[in-house]
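Enquirer: Take a look at this one; I'll ask things after.
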Amino acid sequence: MQEIWTKIETWLIANAPKIFEVLQPGSSDDRISELEELLSIQLPEDVKSSYRIHNGQSTYEYGLIHRREFLSLARIKEEWNCWKELLDSGTFETEDGEDIGSEAAPGICNVWWSPKWIPLTYDGAGNCDCLDLNPAVGGTVGQIVTMWHDDPERKIVAPSFRVWLQQYADSLESGQLIFPRNITASLMQVMRVDRAWSFEF
Numbered sequence: 007m008q009e010i011w012t013k014i015e016t017w018l019i020a021n022a023p024k025i026f027e028v029l030q031p032g033s034s035d036d037r038i039s040e041l042e043e044l045l046s047i048q049l050p051e052d053v054k055s056s057y058r059i060h061n062g063q064s065t066y067e068y069g070l071i072h073r074r075e076f077l078s079l080a081r082i083k084e085e086w087n088c089w090k091e092l093l094d095s096g097t098f099e100t101e102d103g104e105d106i107g108s109e110a111a112p113g114i115c116n117v118w119w120s121p122k123w124i125p126l127t128y129d130g131a132g133n134c135d136c137l138d139l140n141p142a143v144g145g146t147v148g149q150i151v152t153m154w155h156d157d158p159e160r161k162i163v164a165p166s167f168r169v170w171l172q173q174y175a176d177s178l179e180s181g182q183l184i185f186p187r188n189i190t191a192s193l194m195q196v197m198r199v200d201r202a203w204s205f206e207f
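So this is what it looks like as structure tokens:
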């Protein structure tokens, strides 16, 4: 995991120093265990290894992962609680009390949101990438899935956190993703209407 982060750090220092500056230092094992206990989950080792290196970002203004905020452990808790409150209030239920379901790809449970979907990123508009700890038949524990607040589509974007982060590092090194040099807080407003995640300005 350190090798992957070194690639990302090296690229950010050279091309997007403002984003590098808001990466937080790693978290302690105690903090990681605290989150696991609060959410009643067991994080995969690759996720824990990553958070020991960088505990997300210190601000949402400069999104690291496809313009989305890379969530710290504290922010994971906040976003998870928001989804859990909506779930408990019946927001994702039909009049008969059944889950409204989603357009889930094979390997993903057909629900709108699951407490075992752990938010990893946030785009400022209610959408995120989630760590799926309760996949359907054919899925993999720890796969990364998309979560839209107003769209039923649910897709698997990577089979694991490690692969997901590696794909991102590779896309930076290959030039597939480009950050503007004059990144400002207005980036949040831009990304809210740009689901194609085009980084070329």
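Numbering of the sequence shown is given in the numbering used here, commencing with residue 7 and proceeding in unit increments.
Ideal placement from N, C-alpha and C gives every residue a C-beta, glycine not left out.
Are the Cβ atoms of Q149 and G113 separated by less than 8 Å?
Expert: Yes.
Enquirer: Between the C-alpha atoms of K13 and A175, what's the straight-line distance to the nearest angstrom?
Expert: Roughly 6 Å between the two C-alpha positions.
Enquirer: State the Cα-Cα distance for the pair R74 and G103, rounded to the nearest angstrom.
Expert: The alpha-carbon atoms of R74 and G103 are separated by roughly 33 Å.
Enquirer: Closer than 8 Å by C-beta to I38: which residues in its own chain qualify, once you throw out the five before and the five after it? Chain order, please.
Expert: Here the set comprises L49, K54, Y57, R58, L79.
Enquirer: Could you pull the DSSP bridge partners for C136 from this structure?
Expert: Paired residue(s): P125, V151.
Enquirer: Which whole-angstrom value is the C-beta distance of L126 and L139, which I expect to be below 8 Å?
Expert: Not really, about 12 Å apart at Cβ, beyond 8 Å.
Enquirer: For D102, list the residues DSSP reports as bridge partners.
Expert: For D102, which the question treats as bridged, DSSP gives no partner whatsoever.
Enquirer: Check A202 in the structure and name its three-state DSSP category.
Expert: Reliability fails at A202, whose pLDDT of 37 lies under 50, so the model's placement of it is uncertain and the value that follows must be treated cautiously. In the structure shown, A202 sits in coil (DSSP, three-state: anything other than H, G, I, E or B).
Enquirer: What is the residue span of the alpha helix (DSSP H) that V169 lies within?
Expert: Taken as a continuous stretch (DSSP letters only), the alpha helix (DSSP H) holding V169 covers 167-179.
Enquirer: So I47 and K122 are in contact, right, with Cβ under 8 Å, and what is the actual spacing, rounded?
Expert: Yes, they are in contact, since the Cβ atoms of I47 and K122 sit about 7 Å apart, within 8 Å.
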